[in-house]
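All residue numbers for the sequence shown refer to the numbering used here, where the first residue is 311 and numbers rise by one.
Working notes, beginning with the structure itself.
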Amino acid sequence: MPTVKEVLRGRVSLDIRRVDRVLLNGWVKHRQMPGGVVNFIREQKQWPIPSPAMLGKLTVAFREAVEQFAVAHGLEIVDFEKGASKEEPAQAALARFTGTSGVVLIGKAQEQARSFKARRDDRGGKVWFTYNRESVRVTHYYCYVLDEDFGLAFSKVCTYLPFEVTVCFNGHERAKRQLTQASSAFAALENGFAWCADPGRLQAVCHQLTAATIPAFFDRWVDQLPWPLTTAERAAGYQHELSVWQLEVSRTQVFQDPEQGRALVEARIREHLD
311 MPTVKEVLRG RVSLDIRRVD RVLLNGWVKH RQMPGGVVNF IREQKQWPIP SPAMLGKLTV
371 AFREAVEQFA VAHGLEIVDF EKGASKEEPA QAALARFTGT SGVVLIGKAQ EQARSFKARR
431 DDRGGKVWFT YNRESVRVTH YYCYVLDEDF GLAFSKVCTY LPFEVTVCFN GHERAKRQLT
491 QASSAFAALE NGFAWCADPG RLQAVCHQLT AATIPAFFDR WVDQLPWPLT TAERAAGYQH
551 ELSVWQLEVS RTQVFQDPEQ GRALVEARIR EHLD
């Protein structure tokens with residue numbers, strides 16, 4: 311029985327390895343613990359008493375900023391129902407979008423998050439508050455953007471402190487954008503490539519997705535989207551840092567004749583059944 315490598319030899323017209331779907335967490339390191347919240351309210355916001363009233367002001371200000379942004383850009387904020395697909399309305403909005411870069415869709419959903427709850431804890435007659443982390447169900451905003459370099463991607467931002475963020479993009483979409491910019495011909499699949507005029511260039515483009523290009527993409531949209539952290543706060547060290555939550559990698563092998571691929575799969579199945 312020939313090995314898979316032997317069967318593939320000379321029969322594959324495209325063989326590409328790359329990063330597929332990526333999910334990133336964005337978190338502010340100085341606001342993960344109760345003490346960090348107290349310091350932020352007192353030092354950054356200049357409130358001598360770390361009152362939870364400040365947290366409410368931050369949430370309201372962010373929500374208003376998103377609503378004003380939507381109005382200014384002619385966007386309707388879509389309510390995402392629990393369990394409903396978010397990808398379908400995003401793809402429909404993308405089909406209607408006529409620009410090369412910009413916000414395609416803004417949506418909102420009620421989802422679980424880890425936030426802070428205040429407790430009155432006066433000290434020697436002085437009004438004071440302490441904080442504990444707890445699970446809450448609150449509004450999250452989804453901003454779907456079409457990026458010139460990364461294609462369609464989205465960020466999800468919680469409307470409650472510590473304003474944690476999720477970022478999602480697809481390495482296939484980034485590669486398609488890069489090839490288009492280079493005027494390199496290709497035939498796209500829904501999530502991949504069926505053919506490419508220059509496979510070497512395609513593989514090189516896939517390798518260009520690095521730890522430097524991802525933060526640059528993130529920062530580019532932080533500067534353009536409504537954001538819960540002001541420029542001054544980010545400069546003071548309250549910026550989001552990114553960590554990898556989920557990373558999918560893939561390998562595409564396109565047979566010169568589809569029947570060869572089918573025959574290979576059937577042969578492997580028979581081998582395991584025998």
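Note that CB positions come from ideal geometry on N, CA and C, so glycine has one too.
Can you tell me whether residue i is buried or exposed? The criterion is at least 16 other CB atoms within 10 Å of its CB, across all chains shown.
{"i": "glutamine 566", "result": "exposed"}
{"i": "valine 585", "result": "Outside the displayed span of the chain (311 to 584) sits residue 585, for which this structure offers no information."}
{"i": "threonine 369", "result": "buried"}
{"i": "valine 437", "result": "exposed"}
{"i": "alanine 371", "result": "exposed"}
{"i": "isoleucine 359", "result": "exposed"}
{"i": "glutamate 483", "result": "buried"}
{"i": "isoleucine 579", "result": "exposed"}
{"i": "alanine 382", "result": "exposed"}
{"i": "tryptophan 537", "result": "buried"}
{"i": "arginine 406", "result": "exposed"}
{"i": "arginine 328", "result": "buried"}
{"i": "leucine 583", "result": "exposed"}
{"i": "alanine 504", "result": "exposed"}
{"i": "threonine 408", "result": "exposed"}
{"i": "alanine 507", "result": "exposed"}
Would you mind stating whether residue i and residue j have Cβ atoms separated by less than 9 Å?
{"i": "phenylalanine 473", "j": "arginine 373", "result": "no"}
{"i": "lysine 418", "j": "tyrosine 451", "result": "yes"}
{"i": "valine 388", "j": "alanine 423", "result": "no"}
{"i": "alanine 463", "j": "phenylalanine 390", "result": "no"}
{"i": "serine 493", "j": "leucine 512", "result": "no"}
{"i": "valine 554", "j": "leucine 334", "result": "yes"}
{"i": "glycine 502", "j": "threonine 562", "result": "yes"}
{"i": "serine 465", "j": "leucine 535", "result": "yes"}
{"i": "glutamate 558", "j": "arginine 331", "result": "yes"}
{"i": "tyrosine 454", "j": "alanine 403", "result": "yes"}
{"i": "proline 344", "j": "arginine 443", "result": "yes"}
{"i": "leucine 456", "j": "threonine 410", "result": "yes"}
{"i": "threonine 476", "j": "valine 448", "result": "no"}
{"i": "alanine 546", "j": "glutamine 354", "result": "yes"}
Output the distance between the C-alpha atoms of residue i and residue j, rounded to the nearest integer angstrom.
{"i": "lysine 288", "j": "glutamine 401", "result": "No statement about residue 288 is possible, as the shown extent of the chain runs from 311 to 584 and does not include it."}
{"i": "valine 575", "j": "glutamate 581", "result": "10 Å"}
{"i": "leucine 471", "j": "proline 509", "result": "46 Å"}
{"i": "threonine 548", "j": "lysine 339", "result": "Sequence check: residue 548 is tyrosine here, not threonine. About 7 Å."}
{"i": "glycine 348", "j": "alanine 375", "result": "Before going further, note that residue 348 is valine rather than glycine in the sequence given. Distance between the alpha carbons of valine 348 and alanine 375: 24 Å."}
{"i": "glycine 435", "j": "glutamate 551", "result": "39 Å"}
{"i": "threonine 541", "j": "phenylalanine 379", "result": "17 Å"}
{"i": "glutamate 386", "j": "valine 414", "result": "10 Å"}
{"i": "alanine 514", "j": "valine 564", "result": "18 Å"}
Could you spell out the range, first to last residue, of the beta strand (DSSP E) harbouring residue i?
{"i": "threonine 523", "result": "Taken as a continuous stretch (DSSP letters only), threonine 523 belongs to no beta strand (DSSP E), being part of the alpha helix (DSSP H) at 523-532."}
{"i": "leucine 499", "result": "496-499"}
Which residue marks the beginning of the alpha helix (DSSP H) containing residue i, and which one marks its end?
{"i": "valine 515", "result": "509-517"}
{"i": "asparagine 335", "result": "Careful: asparagine 335 lies outside any alpha helix (DSSP H), inside the beta strand (DSSP E) at 322-337."}
{"i": "glycine 346", "result": "344-349"}
{"i": "aspartate 366", "result": "In the sequence as presented, aspartate is not what sits at residue 366; that position holds glycine. From DSSP, the alpha helix (DSSP H) with glycine 366 extends over 363-382."}
Should residue i be listed as close to the ligand ADP, given that the test is whether its C-beta is under 8 Å from any heavy atom?
{"i": "valine 329", "result": "With respect to the ligand ADP, the structure offers nothing, as it holds no ligand at all."}
Say whether chain D places a C-beta atom closer than 9 Å to the C-beta of residue i.
{"i": "glycine 393", "result": "The structure shown contains no chain D, having only a single protein chain."}
Which parts of the stretch 387-449 are runs of the alpha helix (DSSP H), unbroken and 4 residues or longer, counting only runs that do not cross its ends? Counting only runs of at least 4 residues, the stretch 387-449 fully encloses the following alpha helix (DSSP H) elements, listed from N- to C-terminal order: 397-406.
Whole alpha helix (DSSP H) runs in the stretch 463-491 with 4 or more residues, listed along the chain? The qualifying runs are 481-491.
Starting from the N-terminal side, write out each stretch of the beta strand (DSSP E) that is 3 residues or longer and does not extend beyond the stretch 531-572. With a minimum length of 3 residues, the continuous beta strand (DSSP E) runs that stay inside the stretch 531-572 are 551-565.
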